[in-house]
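In this note's numbering, the protein residues as written are 44 to 170. What follows is one structure encoded as structure tokens, with my remarks underneath.
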């Protein structure tokens with residue numbers, strides 16, 4: 044089974060705490076981040092959206108893996124659709140058991156789950 048895993052950060056480059064995200068911190072106890080996420084206003088990055096659409100057009104299954112919490116699923120889905128993303132295979136968010144894990148550990152575990160399900164990861168991208 045072919046698959047494509049696209050990693051997306053939990054926010055776009057205009058996120059107010061992107062500097063912390065770039066350092067690999069995944070436990071950010073800054074309420075401004077959650078307030079920003081809950082507004083659902085993250086714009087798409089033009090080239091990432093273009094790549095997403097091209098991969099979808101040629102038949103890849105696309106998985107979106109984010110450090111956002113499961114409690115933010117609805118607003119995240121709405122924001123993705125509003126930004127032009129649609130038709131993904133699965134949106135993977137942090138569940139209760141994932142809270143507090145470093146992003147590298149959390150995302151490695153989720154990639155491993157997909158591999159065990161029979162997917163072959165052909166590539167990944169981070170915004």
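Where a beta carbon is used, it is the ideal one built from N, C-alpha and C, also for glycine. Bear in mind the structure is a predicted one, so any value in this text is a computation, not a measurement.
A residue is called buried when at least 16 other Cβ atoms come within 10 angstroms of its Cβ; residue 124 does not meet this threshold and is exposed. Within the DSSP secondary-structure output, residue 112 pairs in a beta bridge with 137. Exclusion of the five residues before and after residue 119 leaves 111 as the residues of its chain whose Cβ lies within less than 6 Å of its Cβ. Cβ-Cβ distances below 6 Å link residue 138 to 113 in the same chain, with the five nearest sequence neighbours on each side left out; the list follows chain order.
Between the beta-carbon of residue 92 and that of residue 127 there is about 5 Å, and that keeps the pair under the 8 Å contact cut. For the options 134, 133, 149, the alpha carbon positioned closest to that of residue 140 is the one of 149.
According to the DSSP assignment, residue 142 belongs to no alpha helix (DSSP H), since it is labelled neither H nor E. With fewer than 16 other beta carbons inside 10 angstroms of its own, residue 84 counts as exposed.
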